[in-house]
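In this note's numbering, the protein residues as written are 4 to 371. We put the beta carbon where it would ideally sit given N, CA and C, even for glycine. Just so it is clear, the structure is predicted and the values come from calculations on it, not from any experiment. Step one of this worksheet: look at the structure below.
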Amino acid sequence: MAGLLGAPTMPIPQQYQQPFTQTKTLEKAKPNKLFKDETGIPKPEYPGEIVEVKLGATASDGGTRAISYTLGGEKCPAFYNFIEPPPNKPIIALDVFDWPKISLARAVRNHFDEYKDDVAEWARVCVEKYGAEMVNVHLLTIDPLIEDAPPENAVKTVEKVVEAVDVPISIGGCGDPQKDFDVFKAISENIQGENLLFNSVTLDMKIEETAKLISEYNNTVIAFTSMDVNKARELNRKLYDFLEKEQILMDTTTAALGYGLDYAFTVMERCRLAALKGDPELNHPLSSGSTNAWAAREAWMKMGPEFAPRELRGPIWETVTAQTLLLAGVDYFMMMHPAAVDSISNTIDNLMKGERATNPTDWVRIKV
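Structure representation (structure tokens):
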């Protein structure tokens, strides 16, 4: 064709002038042996480990508690039982308050209203009737904006609770940095050997003085920060100069369902995963004030029939808040409603065993 169009023709090289011959086709391969291999989910590796923190002191430890608890020790995310079950069970504590005028939701008042004038009796009921593993004593009367009660009053209150129950005890301040330090100091000096859990130390407090106080009397403390991983690191780093890591729990703030729970979960999960990947400043057991669920209006206010009775809605609100954070890795729960405690306790037991719920909480017929 090139010649017909007037273009010069090119000779064909000799190597391309050989006649085409069909190569021999290979016989179809037939397998003579089947190889077997196991398949499954690859197990991720976590080089970090959460430190263990002991709460409470029995007679063998120099205290008077009937039991003590160990938190932490995890080597993988919460309830990754296909890697390793949690070495220690998460603990649930019930809140009590030393101020009779405390405003409680009706669903909570139904259980504790008659005990508000006697915090020691309130604590006893929490343990003996509702199965609280620990008691959180919130000292609201020391608040300068409430009664500004002196530290001596707080000491007497805690002494009564120590005598009324035999479980480990947590002491909560009022949030005023100076007053909390003064009260923590008075309690530490007068109630020794019980390995109390103080709630809490913050970046606004006298960190050095508070940490030295905790160390001197062999107690433990919750390091509280407000939903900020870097601030949690900062506070822990400052505490390390005076405290053993085994004396510190972390609380990065609990927001209620519908009021920032997703942020609370995210921060706690970030802290836990960073710790398991080797971050040496975040490898502490996590604490959650799941009682904060009652700060949500929907948990207690009267609403339309489509929202269900508030006596039922509130405990469920607290349960969902706590259950969500349980999966983020929380080891220590501060809670309020007995039905919510029962539900979370059942969930923890089933997850620890790797079993499905066999006797779930009956929210329809439960007394709330």
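Out of the options, state which residue places its alpha-carbon closest to the alpha-carbon of residue i.
i       : options                            : result
Ser-348 : Met-137, Val-54, Lys-39, Ile-105   : Met-137
Thr-73  : Gly-178, Pro-93, Asn-84, Asn-156   : Pro-93
Ile-53  : Val-122, Gly-263, Gly-75           : Gly-75
Ala-152 : Val-128, Ala-189, Ala-123          : Ala-189
Leu-97  : Val-270, Ser-229, Pro-341, Ala-277 : Pro-341
Glu-162 : Val-122, Lys-248, Ser-293          : Val-122
Glu-77  : Lys-36, Gly-51, Glu-124            : Gly-51
Met-208 : Ala-69, Val-224, Asp-183           : Asp-183
Ile-44  : Asn-84, Ile-149, Lys-33, Ala-331   : Asn-84
Arg-300 : Phe-310, Glu-249, Pro-34           : Phe-310
Phe-82  : Met-339, Val-333, Met-337          : Val-333
Thr-324 : Lys-159, Asn-221, Gly-261          : Gly-261
Ile-95  : Leu-289, Thr-223, Tyr-49, Tyr-220  : Leu-289
Gly-263 : Pro-34, Asn-222, Thr-361, Ser-293  : Ser-293
Ile-319 : Ala-259, Ala-277, Glu-212          : Ala-259
Lys-46  : Glu-55, Pro-80, Lys-39, Asp-40     : Pro-80
Tyr-133 : Arg-359, Thr-361, Met-338          : Met-338
Is residue i close to chain B? Criterion is C-beta to C-beta, closer than 8 Å.
i       : result
Ser-191 : No chain B is part of this structure, which consists of one protein chain only.
Here's a check: name, in chain order, each residue in its chain whose Cβ is nearer than 8 Å to the Cβ of residue i, leaving out the five neighbours to either side.
i       : result
Ala-108 : Trp-297, Ala-302, Trp-303, Arg-313, Gly-317
Val-165 : Thr-67, Ile-172, Ile-194, Glu-197
Any idea if residue i is buried or exposed, counting beta-carbon neighbours within 10 angstroms, 16 or more meaning buried?
i       : result
Leu-252 : buried
Gln-181 : exposed
Ala-126 : buried
Phe-268 : buried
Ser-203 : buried
Thr-42  : exposed
Met-306 : exposed
Leu-37  : exposed
Pro-363 : exposed
Leu-148 : exposed
Arg-275 : buried
Asn-295 : buried
Ser-291 : buried
Asp-101 : buried
Here's a check: name, in chain order, each residue in its chain whose Cβ is nearer than 6 Å to the Cβ of residue i, leaving out the five neighbours to either side.
i       : result
Ile-210 : Lys-241
Ala-157 : Leu-142, Ile-145, Val-186
Phe-227 : Ser-203, Thr-205, Asp-254
Ala-69  : Asp-169
Within a Cβ cutoff of 7 Å, which residues of the same chain sit near residue i, ignoring the five residues on either side of it in sequence?
i       : result
Val-130 : Val-138, Val-168, Val-170
Thr-322 : Ala-343, Ser-346, Ile-347
Gln-326 : Ile-347, Thr-350
Leu-246 : Ala-214, Ile-217, Ser-218
Leu-238 : Leu-206, Ala-226, Thr-228
If you pair each beta-carbon of the stretch 185 to 198 with each one of the stretch 47 to 67, do three or more pairs fall below 8 Å? Contact holds: three or more Cβ-Cβ distances are below 8 Å.
Do the stretch 140 to 155 and the stretch 164 to 176 make contact, defined as three or more Cβ pairs closer than 8 Å? yes
Threshold first: 3 residues or longer. Then list the beta strand (DSSP E) segments lying entirely within the stretch 298 to 349, N to C. The qualifying runs are 333 to 338.
Check whether the stretch 351 to 366 touches the stretch 107 to 124, taking contact to mean three or more Cβ pairs, one atom from each stretch, closer than 8 Å. Note that the stretch 351 to 366 does not touch the stretch 107 to 124; fewer than 3 beta-carbon pairs, one per stretch, sit closer than 8 Å.
Meets three-Cβ-pair contact criterion under 8 Å: the stretch 274 to 290 and the stretch 82 to 89: no
Those runs of the beta strand (DSSP E) which lie wholly inside the stretch 28 to 115 and span at least 3 residues: 55 to 58, 72 to 75, 94 to 100
I'd like the ranges of any alpha helix (DSSP H) spanning at least 4 consecutive residues and lying wholly in the stretch 131 to 189. For the stretch 131 to 189, whole alpha helix (DSSP H) runs of length 4 or above, ordered along the chain, are 154 to 167.
Sequence ranges, alpha helix (DSSP H) only - wholly within the stretch 205 to 259, length at least 4: 210 to 219, 232 to 242
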